Amino acid sequence: MKIPYVNIDIDKDRIRIFYTSDIHGSSVCFKKLLNAGKFYNADIVIVGGDLCGKLLVPIVYHDEDNAYQASFQGRLLRIKTPNELEQLKEKIRMTGAYYVVLNKKELDRYSNEQAKHQLFLEIIQQSIKEWFLLAEEKLKNSNIAYLVMPGNDDPLEIDPLFEQTNVFINPESKIIDINGIYQIASTGYSNETPWKCPRDIREEELYDKIETIISNITRFETAIFNFHTPPYNSTLDLAPKLDENLKVVLEMGQPTYIPVGSKAVRKSIEKYQPLLGLHGHIHESRNAAYIGKTLCINPGSEYSEGILRGVIVDLYKKRVERYLFTTG
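All residue numbers for the sequence shown refer to our numbering, where the first residue is 3 and numbers rise by one.
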């Protein structure tokens, strides 16, 4: 199968990548992302998936007392002034959630799950469109290559929106060739999770997908695997253990952590030994580790606090010269 191939030429011997992942709808993190390339003197910025938020907060207008009501972060809020309303909207978007302002009659229209899902999807798409417009304005004169990929949490309906942007390349299932030296293979698909996300697939399917993508790689010694899910049992994939009700399992009052990464990703890394693996997905597991000769990195995520976690990787003479975790 012929995989799409994109060439990027950078007139430098030393290539700097800034990698981040899992911003999950946070407007603050996205704005920081647009500045990150220049701030960190990067040649390439890679976003390894999970662009969209996971929560929609209804802000309901009550005409009997001319006030709004919303349930957010475990609190029932009443908002009476325009200033309070704007502050709430800003706080919701900072954490990665979305909001919709409506009255009680409009709220009733979304009482069934299908209507709620459709509304949520429309708001996600509108938010991504707004982000892309902001990126077009901010990055129109930039020479930095932005590789921005959906992750397993992201609905498939956002994929066509990438065709409307001139400043982002969606590297999903593509090979990105850098200077005829480094080759980046990418996928945002994941092994199955308890939440049954849009791009969750069985390990066997994920392995086959990876095999298809990397079949067009010609230089594995300088290849980069940009796979959203980290390799299984790699210290990059430790997450709280959940019970059958998706509640965190505690031992002596503390969460129990278990490896939840992908066995398919690990198998591919062990088999082909690329130069570098860039991963996200598991927010709590900020770490770097070697699998054989391959350096694998997960910068973690604190999107809900408006913090952009990332990693700078310098490539020089076909090797990883250095890497540095960032928090901004």
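Glycine included, each C-beta is placed from N, C-alpha and C at the ideal position.
Please read these numbers as outputs of a predicted model, since none were measured by experiment.
| Apart from the five residues just before and just after Val251, which ones in its own chain have a Cβ nearer than 6 Å to its Cβ? | The residue given as residue 251 occupies position 249 in the sequence shown. Cβ contact annotation for Val251 (same chain, cutoff 6 Å, sequence separation greater than five): Lys243, Asp245, Thr258, in chain order.
| Unbroken alpha helix (DSSP H) run spanning Ser270, endpoints | As a first step, residue 270 is located in the sequence shown; it is residue number 268 there, counting from the start. Here the alpha helix (DSSP H) through Ser270 covers 265-274.
| said: I'd like to know whether the C-beta atoms of Gly312 and Tyr148 end up nearer to each other than 8 Å. | reply: Within the sequence shown, numbered from 1, the residue matching residue 312 stands at position 310. Within the sequence shown, numbered from 1, the residue matching residue 148 stands at position 146. Gly312 is not a Cβ neighbour of Tyr148, given a cutoff of 8 Å.
| Can you list, in chain order, the stretches of the alpha helix (DSSP H) that have 4 or more residues and sit fully within the stretch 216-263? | Listed in chain order, there is nothing to give.
| Is the CB-CB distance between Ile171 and Val8 below 8 Å? | Here residue 171 is taken as the residue at index 169 of the sequence shown, counted from 1. Here residue 8 is taken as the residue at index 6 of the sequence shown, counted from 1. Cβ atoms of Ile171 and Val8: closer than 8 Å.
| query | Per DSSP, Phe74 is paired with what? | reply | One-based indexing of the sequence shown puts residue 74 at position 72. Arg77.
| request: Identify every residue that forms a DSSP beta bridge with Ser188. | output: Locating residue 188 in the sequence shown gives position 186, counting from the first residue. Looking at the DSSP assignment, Ser188 forms a beta bridge with Asn228.
| Looking at the structure shown, is Val150 part of a helix, part of a strand, or coil, going by DSSP? | As a first step, residue 150 is located in the sequence shown; it is residue number 148 there, counting from the start. In this structure, DSSP gives Val150 an extended state, which the three-state scheme calls strand.
| field | From Lys33, Asp110, Glu323, Ser192, residue whose alpha carbon lies closest to that of Glu207 | value | Looking up residue 207 in the sequence shown gives position 205. Cα-wise, what sits closest to Glu207 is Ser192.
| field | Arg288, DSSP secondary structure in three states | value | As a first step, residue 288 is located in the sequence shown; it is residue number 286 there, counting from the start. Correct three-state label for Arg288: coil.
| query | In chain order, what residues of the same chain lie with their CB nearer than 6 Å to the CB of Asp179, ignoring the 5 residues before and after it? | reply | By one-based count along the sequence shown, residue 179 stands at place 177. Asn9, Gln185, listed in sequence order.
| DSSP beta-bridge partners of Ile203 | Taking the first residue of the sequence shown as 1, we reach residue 203 at position 201. Beta bridge pairing from DSSP links Ile203 with Asn193.
| Using the rule of at least 16 other Cβ atoms within 10 Å of the residue's Cβ for burial, across every protein chain shown, is Phe41 buried or exposed? | Locating residue 41 in the sequence shown gives position 39, where the first residue counts as 1. The residue in question, Phe41, is exposed, as its Cβ has fewer than 16 Cβ neighbours within 10 Å.
| query | Quick one: what's got a C-beta closer than 8 Å to Phe122's C-beta in the same chain, skipping five residues either side? | reply | Taking the sequence shown and counting its residues from 1, the one referred to as residue 122 is at position 120. Excluding residues within five positions, the ones whose Cβ falls inside 8 Å are Leu58, Tyr100.
| said: Contact defined as beta carbons within less than 8 Å: I believe Tyr335 pairs with Ser270. What is the distance between those atoms, to the nearest angstrom? | reply: Because the chain in this structure spans residues 3 to 330, residue 335 falls outside the shown range and cannot be described.
| query | Cα separation between Ile203 and Asn154? | reply | Position 201 of the sequence shown holds residue 203. Position 152 of the sequence shown holds residue 154. Rounded to the nearest whole angstrom, the C-alpha separation of Ile203 and Asn154 is 9 Å.
| Bounding residues of the alpha helix (DSSP H) (the contiguous stretch that carries Ile130) | Within the sequence shown, the letter at position 128 stands for residue 130. DSSP places Ile130 in the uninterrupted alpha helix (DSSP H) bounded by 115-141.
| said: Less than 8 Å between the beta carbons of Gly279 and Phe222, yes or no? | reply: Residue 279 sits at position 277 when you count from the first residue of the sequence shown. Residue 222 sits at position 220 when you count from the first residue of the sequence shown. Against a cut-off of 8 Å, the Cβ pair of Phe222 and Gly279 comes out as no contact.
| query | Would you call the CB atoms of Tyr305 and His119 closer than 8 Å? | reply | Position 303 of the sequence shown, counting from 1, holds the residue named residue 305. Position 117 of the sequence shown, counting from 1, holds the residue named residue 119. With contacts defined as CB atoms closer than 8 Å, Tyr305 and His119 fail to qualify as a contacting pair.
| task | Go to Leu30, then tell me how far its beta strand (DSSP E) extends in each direction, as first and last residue. | result | Sequence index remark: in the sequence shown, residue 30 carries index 28 (1-based). Going by the sequence as given, residue 30 is Val instead of Leu. Note, Val30: premise wrong, no beta strand (DSSP E); alpha helix (DSSP H) at 29-41.
| query | Excluding sequence positions up to five away, which residues of its chain have a Cβ less than 7 Å from the Cβ of Ile215? | reply | Position 213 of the sequence shown, counted from the start, is the residue given in the question as residue 215. Closer than 7 Å at the Cβ level, and outside the excluded window around Ile215, lie Ile5, Ser175, Ala187, Thr189.
| field | Other residues of its chain near Ala69: CB distance less than 6 Å, five sequence neighbours each side excluded | value | In the sequence shown, counting from the first residue as 1, residue 69 sits at position 67. Closer than 6 Å at the Cβ level, and outside the excluded window around Ala69, lie Arg80, Lys82.
| In the structure shown, what three-state DSSP assignment does Tyr21 receive? | As a working mapping, residue 21 is identified with position 19 in the sequence shown. Three-state result, Tyr21: strand.
| Range covered by the beta strand (DSSP E) that runs through Pro84 | Stepping through the sequence shown from its first residue, residue 84 is reached at position 82. Premise fails: Pro84 lies in the alpha helix (DSSP H), 84-96, not in any beta strand (DSSP E).
| message | Do Asn300 and Ile284 have their beta-carbon atoms positioned less than 8 Å apart in this structure? | response | Mapped onto the sequence shown, residue 284 falls at position 282. Mapped onto the sequence shown, residue 300 falls at position 298. Between Ile284 and Asn300, the gap from beta carbon to beta carbon is short of 8 Å.
| request: Could you tell me how far apart the beta carbons of Val267 and Phe229 are, in whole angstroms, since I believe they sit closer than 8 Å? | output: Reading the sequence shown from its first residue, position 265 is the one you call residue 267. Reading the sequence shown from its first residue, position 227 is the one you call residue 229. So it is a contact: roughly 5 Å between Cβ atoms.
| query | In whole angstroms, what separates the C-alpha of Asn145 from that of Asp316? | reply | Start at 1 with the first residue of the sequence shown, and residue 145 comes out as number 143. Start at 1 with the first residue of the sequence shown, and residue 316 comes out as number 314. Distance between the alpha carbons of Asn145 and Asp316 is about 17 Å.
| Does DSSP classify Asp65 as helix, strand or coil? | On the sequence shown, position 63 is the one that residue 65 refers to. The answer is coil: DSSP assigns Asp65 none of H, G, I, E or B.
| task | Tell me, to the nearest whole angstrom, how far the beta carbon of Ala291 is from that of Leu238; I am working on the premise that it is less than 8 Å. | result | The residue given as residue 291 occupies position 289 in the sequence shown. The residue given as residue 238 occupies position 236 in the sequence shown. With a Cβ gap of about 6 Å, Ala291 and Leu238 count as contacting.
| message | Using only CA atoms, which one of Glu108, Met151, Asn218, Leu297 lies nearest to Glu323? | response | Here residue 323 refers to the residue found at position 321 of the sequence shown. Considering only Glu108, Met151, Asn218, Leu297, the residue with the shortest C-alpha distance to Glu323 is Leu297.
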